[in-house]
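**Q** First residue of the sequence shown: 136, per my numbering; consecutive thereafter.
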Amino acid sequence: MSRIRVVIAEDSLTVRKRLVEIVSADPELELVGEAADGKEAIELVRRHKPDVLSMDMMMPLMTGLAATEYIMAHFPTPILVVSASINRGELFRTYDALAAGAVDVIEKFTGDGSDERWAKDYLTTLKLVSRIRVITHPRGRLIAIPQATSAPAAPGAPALLREAQKYSAAAIGASTGGPGAILDVLNGLPDSFSLPILFVLHISEPFGTAFADWLDGQTARRVSYAKEGELVSASAGRVVMAPPGQHLSVRDGRLRLSLEAERHSCRPSVDVLFESLARDYGPAACAVLLTGMGRDGAAGLLKMRQAGALTVAQDEASSVIYGMPREAALLGAATHILPLSEIGPFLGRVPASPMGQRR
136 MSRIRVVIAE DSLTVRKRLV EIVSADPELE LVGEAADGKE AIELVRRHKP
186 DVLSMDMMMP LMTGLAATEY IMAHFPTPIL VVSASINRGE LFRTYDALAA
236 GAVDVIEKFT GDGSDERWAK DYLTTLKLVS RIRVITHPRG RLIAIPQATS
286 APAAPGAPAL LREAQKYSAA AIGASTGGPG AILDVLNGLP DSFSLPILFV
336 LHISEPFGTA FADWLDGQTA RRVSYAKEGE LVSASAGRVV MAPPGQHLSV
386 RDGRLRLSLE AERHSCRPSV DVLFESLARD YGPAACAVLL TGMGRDGAAG
436 LLKMRQAGAL TVAQDEASSV IYGMPREAAL LGAATHILPL SEIGPFLGRV
486 PASPMGQRR
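1. Starting from the N-terminal side, write out each stretch of the alpha helix (DSSP H) that is 4 residues or longer and does not extend beyond the stretch 298-328.
2. In the DSSP output, which residue or residues are listed as bridge partners for V217?
3. What is the residue span of the beta strand (DSSP E) that T260 lies within?
4. Which one of G343, T344, D351, F342 has the shortest CA to CA distance from L321?
5. Just to confirm my understanding: we take L437, look at its own chain, exclude 5 residues before and 5 after, and list those with CB closer than 6 angstroms. What are they?
6. Take the Cβ of T149 as the centre, count every other Cβ of all protein chains shown within 10 Å, and call the residue buried at 16 or more, exposed below.
7. Cβ atoms of G443 and P418: under 8 angstroms apart, would you say?
8. Can you give the Cα-Cα distance for V405 and G380, rounded to whole angstroms?
9. So, are the CB atoms of V187 and L261 less than 8 angstroms apart?
10. Given that a residue counts as buried once 16 or more other Cβ atoms are within 10 Å of its Cβ, and exposed if not, what is L392?
11. Does the beta-carbon distance from L215 to D191 come in below 8 angstroms?
12. Inspect the CB distances between the stretch 167-183 and the stretch 219-234 and report whether three or more fall short of 8 angstroms.
13. Could you tell me the alpha carbon to alpha carbon distance between Y457 and F334, rounded to whole angstroms?
14. Considering only DSSP beta bridges, list what Q353 is partnered with.
15. Hey, which unbroken runs of the beta strand (DSSP E) at 3 residues or more fall wholly within the stretch 158-198?
16. Do you know whose CA, among S303, R181, E178, S411, lies nearest S368's CA?
17. Looking at R140 and E165, is the spacing between their C-beta atoms short of 8 angstroms?
18. By a C-beta neighbour count over all protein chains shown, 10 Å radius and 16 as the cutoff for buried, is K243 buried or exposed?
19. Return the residue from the list P460, L390, M376 that minimises the CA-CA distance to R356.
20. Going by C-alpha distance, which of L445, M194, T354 is nearest R373?
21. To which residues of the same chain is W349 closer than 7 angstroms at the C-beta, ignoring the five residues directly before and after it?
22. Out of G429, P480, D319, S400, which one is the CA nearest neighbour of I463?
23. What are the start and end residues of the alpha helix (DSSP H) that includes M459?
24. Quick check on DSSP: helix, strand or coil for I139?
25. Once the 5 residues before and after P403 are set aside, which same chain residues still bring their CB inside 7 angstroms of it?
26. With a cut-off of 8 angstroms on the beta carbons, I'd call L424 and Q449 a contact; round off their distance for me.
27. At a threshold of 7 angstroms, does V320 count as lining the ligand FAD (C-beta to nearest heavy atom)?
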């Protein structure tokens, strides 16, 4: 069996050599290049076409973010971001890289005695990322270097809405590939869209700590973390995100946060949010399940559909990982299966009911 070909980009010689040692010691991996800056990373990826790139964010000459954008524009490659989480600026660059097409992120090891455990996590994640199918990412197309794109597919019949039904709340769940996908959905909504949007994203700790702040700066829609007991109706036109490590649900028209057990190894869990909306809002809710690994959200989306809600799953062609949406499709949980580019405009046509009205 052929080995997984790896390029490592890291400006710190000490850290880079440690990563090289970890990769070289694994019989399933083959190190094909190491770079000290973003320009070298681009050249190595262009020359060797590796299966996966391990990418630092803060590098000289060209940052990891700039290199990620260029690579995803010209020769898409699965990228694992290896980044420190203590610096807010680096956190934001990590989110930018994920939105530009990087697959996943892992915190850089600290040398505090947990190096062996970190090495195992790094190898596991590196191998997993190497298996992800990646495509040219729209956010990675550099204005300075125009890139020809294929003609769009001929549009089919627009997805239909139930004109008699009105809605009071919307929910979105996402995992791997979610940062870029949620941006596309939010930026596809018209300014007039007034429903509160409740959002759950799987993002490894400690990288979720500032994601809502970053997202708030990327879209005209206000984004914030959920607060216990807040009225859902008070979030009209806003995006309310589950805080890191806490389930987000709805009860009696109010937001609820909890530290209850993980679902599908996730907290927050999309299923927890969707199931609560099925109970509390029934046909007055709509939900979208975006790209992601695993099956979290699929059963919850089915419960929402069974309660009369409008349910949407992202299609395979536009998903970074067709895991969660695929499970929803197999269960018959989605009333509509749409490409990412159509989800925002579709939600934008959802008629709103008087705020606070539920079932």
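Each residue gets a CB set at the ideal place from its N, CA and C atoms; glycine is no exception. Note that this is a predicted model, so its numbers are computed, not measured.
**A** Reading from the atomic positions:
1. Taken in chain order, the complete alpha helix (DSSP H) segments of 4 or more residues contained in the stretch 298-328 are 313-322.
2. When DSSP reads this structure, V217 sits in a beta bridge with I241.
3. Premise fails: T260 lies in the alpha helix (DSSP H), 250-265, not in any beta strand (DSSP E).
4. L321 has its Cα closest to that of D351, out of G343, T344, D351, F342.
5. Shown here for L437: same chain residues with a beta carbon closer than 6 angstroms to its own, the five before and five after excluded, namely L466, A468 in chain order.
6. Exposed: under 16 other Cβ atoms inside 10 Å.
7. Yes, these two residues count as a Cβ contact at 8 angstroms.
8. Here the alpha carbons of G380 and V405 stand approximately 12 angstroms from one another.
9. Cβ atoms of V187 and L261: closer than 8 angstroms.
10. It counts as buried.
11. No, the pair does not count as a contact, with Cβ atoms beyond the cut-off.
12. Short answer: they don't touch.
13. Looking at the two C-alpha atoms, the distance is approximately 19 angstroms.
14. Paired residues: none, contrary to the question.
15. Whole beta strand (DSSP E) segments, 3+ residues: 164-170, 187-190.
16. Comparing C-alpha distances from S368 to each of S303, R181, E178, S411 shows the shortest one belongs to S303.
17. Cβ distance < 8 angstroms, so E165 and R140 count as in contact.
18. K243 is buried by the Cβ-count criterion.
19. Check the Cα spacing between R356 and each of P460, L390, M376: the tightest is with M376.
20. When each option's Cα is compared against that of R373, the closest is T354.
21. Correct list, in chain order: F227, Y230.
22. A small fix is needed here, since residue 463 is Ala in this sequence, not Ile. With distances taken between Cα atoms, A463 lies closest to G429.
23. Here the alpha helix (DSSP H) through M459 covers 459-466.
24. The answer is strand: DSSP assigns I139 an E or B state.
25. Non-local beta-carbon contacts of P403 in its own chain, meaning distances under 7 angstroms to residues more than five positions away in sequence, involve V335, A377, Q381, H382, L383 in chain order.
26. Between the beta-carbon of L424 and that of Q449 there is about 7 angstroms, and that keeps the pair under the 8 angstroms contact cut.
27. This structure does not include the ligand FAD; it has no bound ligands of any sort.
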